[in-house]
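Okay, structure first, notes after.
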Amino acid sequence: MSKTDQTQKPRESEISIDASQLRPGVHVRLPMSWLEHEFMFNSFVIADEEQARRIAAMNLPQLFCDTKRSKVQPLPKQQVTAPANKPSDEEWTRLSAMKAALIAEKRERAKVMTTMRRRLDKAQTHYAGAARDVGSAFKSFHSEPKASIRQVSDISERSTAALLADPDSAIVLITEKGHNDGAAAHALSVMTLALLLGKQAALPEEALRTIGIGALLHDIGKLAFHTSILRSLKRNKFEEAVYKTHCRVGYDNALRAGSLSQAMLDVILHHHERVDGSGFPDQLRGEDISFASRVVAITNHFDNLTNPIDPLRAMSPSEALSMMWAKEKTSFDNNLLQLFVRAMGVFPPGSVVLLSDGRVGAVVASATVDNPLSPQVLIYEPDVPRSEAIIIDLVKETSIKIERPLRLSERPDEELDYLLPRRRISWFYLEGKG
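Offset between the sequence shown (1-based) and the numbering used here: plus 104.
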């Protein structure tokens, strides 16, 4: 059955009604394309008599009412005569002008979505190539360490430019990245987030370069380990002890390469240290841990929370930030953690959220400093093709607010395929198809 056919039939909990039954509080669905009417959504609860008149003026042969989502039930047909909602000629002219203006605004929204999608496509092209190059550098690290480090340095510089040009798209891609891209994808995510934090801290270019290269190489020691230890959800004491040596192994191997600064080497050795002394391998505290290592410690832990080995345990970006701030604050540099939360925002791009009107959406652009709880959100509306997906700016749509973030593992596939279509796609696979 085509999508057009599906819009013409009542769904579960829906009944067919006509315009004479409309009143404020009734949930209505319009059986037509989103771009053919002036309302923001295809289905909604009627707010007032004005909306009821505007719907009646459309002269649709039938409408659908979701009785479970209605605040009041539709009026019985026999209680209201057909002309009740029929507008006068003057009213008809006003409603027609309003409809034309709102449909024009809708088409402008579609252009915004197209522009945003192009930005994401551009960022994805960069990250697909970067993932391929990082994977290649990792594979040749033991045989050609100097060449691999030169390659990593080039990737870091290119990625810094891409991030500074469009940080929102970079964060969305991190959230959507495939779980099968392994070490290269994780390294890119940690580097991107570390550069974002470095930018928020107003670090000079040389310091950003140091952090970028150190972040890309932070897990280089894991290349010598069997995947059974790295991918295990429940390591025994022996396996955990072996796992914790990856910092020292990576440091020693990178040191032998002879082309990294001490600050970069420190990131490889100390990215699991914690300022309260609870980390490894040396249980360093506070400022005994290098600045770059403290930056990467935050971004590495954040990416592990949002993209864990077991996808079912994945936290939303906002959940991960909340937990790090509320329960793990003593483990990280407090000033840097505050800057990271500020850089990411309360609801970082890529977060799937529940809105106050019951809809679900994905944050696609950061909120402003003045309105931290009001980002731009792409709405899950299955009646609307994703190429024309509705994006609302919560600063302007003051009647809608974010209720709470949602876990990806708890959302249905069709919803996530609409909101985060890249999450199942491997960057390596995309590059190969390019």
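From the three backbone atoms N, C-alpha and C, an ideal C-beta is built for every residue, glycine too.
In the pairwise beta carbon analysis, the region 255 to 271 is classified as not touching the region 376 to 383: fewer than three pairs are separated by under 8 Å. Taking C-alpha positions only, residue 520 is separated from residue 510 by approximately 11 Å. Rounded to whole angstroms, the gap between the alpha carbons of residue 464 and residue 366 is 47 Å. Close CB contacts of residue 241 within its chain, under the 6 Å cut and outside five residues either way in sequence, are with 252, 255, 256 (chain order). The beta carbons of residue 305 and residue 443 sit closer together than 9 Å. Look at the beta carbons and you see the region 345 to 357 touching the region 320 to 330: at least three pairs across the two are nearer than 8 Å. CA-to-CA, the gap between residue 403 and residue 297 works out to about 6 Å. Rounded to whole angstroms, the gap between the alpha carbons of residue 497 and residue 524 is 18 Å.
When secondary structure is reduced to three states using DSSP, residue 133 falls in the strand class.
The straight-line gap separating the alpha-carbon atoms of residue 392 and residue 381 is approximately 10 Å.
Annotated as proximal: residue 372 and residue 355, with beta-carbon spacing under 9 Å. In this structure, the straight-line span from the alpha carbon of residue 439 to that of residue 406 is close to 16 Å. For residue 248, same chain residues with a beta-carbon under 6 Å away, outside a window of 5 residues either side, do not exist. The beta carbon of residue 274 is closer than 8 Å to those of 227, 231, 266, 267, 296, 300 in its chain, skipping five residues each way along the sequence.
Judged by DSSP in its simplified three-state form, residue 293 adopts helix. Per DSSP, residue 377 lies in no alpha helix (DSSP H) segment and is marked neither H nor E. Between residue 235 and residue 288 a beta carbon distance of about 5 Å is seen, short of the 8 Å cut, so the two are scored as contacting. Between residue 133 and residue 115, the gap from beta carbon to beta carbon is short of 9 Å. Residue 118 is bridged by DSSP to 170. In the structure shown, the three-state DSSP call for residue 387 is coil. Just so you know, the alpha carbons of residue 417 and residue 138 end up roughly 36 Å apart. Collapsing the DSSP output to three states places residue 228 in a helix. A contact is defined here as three or more CB-CB pairs under 8 Å, and the region 468 to 484 fails this definition with respect to the region 423 to 431. The alpha-carbon separation between residue 324 and residue 243 amounts to approximately 10 Å. Secondary structure note for residue 354: its alpha helix (DSSP H) is the uninterrupted segment 350 to 361. Sequence-distant partners of residue 309 (beyond 5 residues in either direction) whose C-beta falls short of 6 Å from its own C-beta are missing from its chain.
Note that the C-beta distance between residue 165 and residue 130 is not below 9 Å. Secondary structure at residue 316: helix, using DSSP grouped into helix, strand and coil. The closest CA to that of residue 469, considering only 219, 135, 312, 128, is found on 219.
Taken atom to atom, the span from the alpha-carbon of residue 221 to that of residue 507 is near 26 Å. Excluding residues up to 5 positions away in sequence, 413 lie with their Cβ nearer than 7 Å to the Cβ of residue 335 in the same chain.
The C-alpha of residue 456 is placed about 15 Å away from the C-alpha of residue 494. For residue 360, the closest of 448, 394, 246, 294 by C-alpha to C-alpha distance is 246.
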